[in-house]
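2 protein chains.
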Amino acid sequence: MNDPRVPHGQGGETLLFLTDDQLRQGIEAMFFAYRGFTADPDRILADISYGRAHHRALHFINGAPGTTVNNLLRILGVTKQSLNRVLRTLIEDGLVESRVGRADKRERHLFLTEEGRALERRLSDAQRARMRDAYRTAGPEAVSGFKKVLEAMMDSELRRQYHALREGRND
Amino acid sequence: MNDPRVPHGQGGETLLFLTDDQLRQGIEAMFFAYRGFTADPDRILADISYGRAHHRALHFINGAPGTTVNNLLRILGVTKQSLNRVLRTLIEDGLVESRVGRADKRERHLFLTEEGRALERRLSDAQRARMRDAYRTAGPEAVSGFKKVLEAMMDSELRRQYHALREGRND
DNA sequence: TTGGAATGTCAACAAGGCTGACTTAATATT
DNA sequence: AATATTAAGTCAGCCTTGTTGACATTCCAA
């Protein structure tokens, strides 16, 4: 901390000396960037008196149509009571459809209605626009590093889910 | 979206074609990574019945000792009423000291007490440890890209504040 | 001296987390 | 067949942390 020098190259590139201040900078970058990350959808949501929780539900149902409630609350990392409150309003408002499972009738499979897809698109358009601008500003190599660090920052269970979501999608 | 090809090199590296799915991946990475980012301090805070808001206040007072309340709420992006509730408990619990300004006696300058510094250190040690691991796993080039993208994701006002925090610190 | 800024406080409210207890239905297990 | 477990939903109550609005105090500056 009193020695901000970074002796790299010594012992290979994997061993790098990181000062507390360098790490603090990363922490603050995450804090401020996350604010920007949520700012655009938050503005849209505020107008229609929905919250971030609704956005998250719409996002993941859109990404995995037919997902079960149990599945969804594992991804979101909330209790079923908390998710249920959000889900109920989305179903009542006709944005989400809940279908009884065919194989296992205890399960409910969740789908976006046409209206739900429209809102999801509106929200994610705003969020993607910011992401696209950031990616373009930073350049392709930066994007690759960005994703590497974010992935390394996840808990292993979250990382597993993150990868599971990719499978079956064209990326 | 139907054409996941990425024609890069055409028109320089700044013009890159980004599919919706590529951007969605980045969005989900931010979501899951932020969960990891806050997980360790959250666990510590839960034990002592404080919340994330207390952590944020401690973090920024630690980084800019003597900062005013107005300053702090601009950085945190919350109302003074919201900040005040958190600040009051921190002062009552002897973690933060509020000194009346010498030049302008309306202002209160905020400092961490010894106990406050101890908690801040405990929280940020946990958060820095995860950050350090992530940085080491991803490597120095990835870290540079990570910071570039995060910075590009901030609102301009947030980016201004982010840089202002660096000045006067040895990074 | 008066206007405005900085701060603090009270009250009320909402979103969105949580726990715990309980029901219903369906599936699994023994 | 009886029993246990699982998925989902619901109700009640609690907490944190955000919001508005109204108002008091203090003090600087024009």
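Chains A and B, in that order, give the protein sequences.
Oh and the first sequence: position 28 is 185 in my numbering, straight run, nothing missing.
Oh and the second sequence: position 107 is 264 in my numbering, straight run, nothing missing.
Using N, Cα and C, we set each Cβ at its ideal position, and we do this for glycine too.
For residue i, decide whether its Cβ has a neighbour in chain B, counting only Cβ atoms nearer than 8 Å.
| i | result |
| --- | --- |
| F303 (chain A) | yes |
| I306 (chain A) | Checking the sequence shown, residue 306 (chain A) turns out to be Val, not Ile. Closer than 8 Å to some Cβ of chain B, the Cβ of V306 (chain A) qualifies, so yes. |
| F174 (chain A) | no |
| F194 (chain A) | yes |
| R231 (chain A) | no |
| E277 (chain A) | no |
| G166 (chain A) | Interpretation of G166 (chain A) is limited by its pLDDT of 41, a score under 50 that renders its predicted location unreliable; the figure taken from the coordinates is listed afterwards. Not one chain B Cβ lies under 8 Å of G166 (chain A). |
| L99 (chain A) | Here chain A comprises residues numbered 158 to 328, so residue 99 (chain A) is not present and cannot be evaluated. |
| F268 (chain A) | no |
| G223 (chain A) | no |
| G258 (chain A) | no |
| Y319 (chain A) | yes |
| A283 (chain A) | no |
| L180 (chain A) | yes |
| A309 (chain A) | yes |
| A190 (chain A) | yes |
| D204 (chain A) | no |
Using a Cβ cut-off of 8 Å (strictly closer), state whether residue i contacts chain A.
| i | result |
| --- | --- |
| R293 (chain B) | yes |
| Y207 (chain B) | no |
| E271 (chain B) | no |
| G251 (chain B) | no |
| V300 (chain B) | yes |
| P297 (chain B) | yes |
| D261 (chain B) | no |
| E185 (chain B) | yes |
| D199 (chain B) | no |
| F289 (chain B) | One detail in the question is off: residue 289 (chain B) reads as Arg in this sequence, not Phe. Yes - at least one Cβ of chain A is within 8 Å of the one on R289 (chain B). |
| R323 (chain B) | yes |
| L215 (chain B) | no |
| L315 (chain B) | yes |
Under 7 Å Cβ to Cβ from residue i, same chain only, skipping five residues before and after it: list those, please.
| i | result |
| --- | --- |
| R279 (chain B) | I201 |
| V300 (chain B) | Y292 |
| A275 (chain B) | none |
| G208 (chain B) | L202 |
For a quick check, are the C-beta atoms of residue i and residue j less than 8 Å apart?
| i | j | result |
| --- | --- | --- |
| G273 (chain B) | E264 (chain B) | no |
| R287 (chain B) | D199 (chain B) | no |
| G220 (chain B) | L322 (chain B) | yes |
| E277 (chain A) | L269 (chain A) | yes |
| L247 (chain A) | H211 (chain A) | yes |
| A190 (chain A) | M311 (chain B) | yes |
| Q318 (chain A) | I232 (chain A) | yes |
| L229 (chain A) | L252 (chain A) | no |
| A186 (chain A) | L175 (chain B) | no |
| F303 (chain A) | G302 (chain B) | yes |
| G234 (chain B) | R192 (chain A) | yes |
Count the other CB atoms, across all protein chains shown, that sit within 10 Å of the CB of residue i; report buried if there are 16 or more and exposed otherwise.
| i | result |
| --- | --- |
| L244 (chain A) | buried |
| H320 (chain A) | exposed |
| R213 (chain B) | buried |
| Q284 (chain A) | buried |
| A260 (chain B) | exposed |
| F188 (chain A) | buried |
| G166 (chain B) | Since pLDDT at G166 (chain B) reaches only 41, below the 50 mark, its modelled position is unreliable, and no value is offered. |
| R242 (chain B) | exposed |
| R181 (chain B) | buried |
| Q329 (chain A) | The first residue shown for chain A is 158 and the last is 328, placing residue 329 (chain A) beyond what the model contains. |
| K305 (chain B) | buried |
| I205 (chain B) | exposed |
Give every residue of the same chain whose Cβ lies closer than 8 Å to the Cβ of residue i, excluding the five residues on either side of it in the sequence, and list them in chain order.
| i | result |
| --- | --- |
| T225 (chain B) | G258, E264, R265, H266, L267 |
| D282 (chain A) | none |
Tell me which residues share the same chain as residue i and place their Cβ nearer than 6 Å to its Cβ, disregarding the 5 neighbours each side in the sequence.
| i | result |
| --- | --- |
| P222 (chain A) | F268 |
| R289 (chain B) | none |
| R256 (chain B) | H266 |
| K237 (chain B) | L230 |
| E254 (chain A) | F268, T270 |
Run through the segment 240–302 of chain B for me and flag every whole beta strand (DSSP E) of 3 or more residues, listed as ranges in chain order.
253–257, 265–269
Which ranges would you report for the beta strand (DSSP E) in the segment 175–229 of chain A if only whole runs of at least 3 residues count?
none
Can you list, in chain order, the stretches of the alpha helix (DSSP H) that have 4 or more residues and sit fully within the segment 301–326 of chain A?
Runs of alpha helix (DSSP H) with 4 or more residues, each lying fully within the segment 301–326 of chain A, are found at 313–323, listed in chain order.
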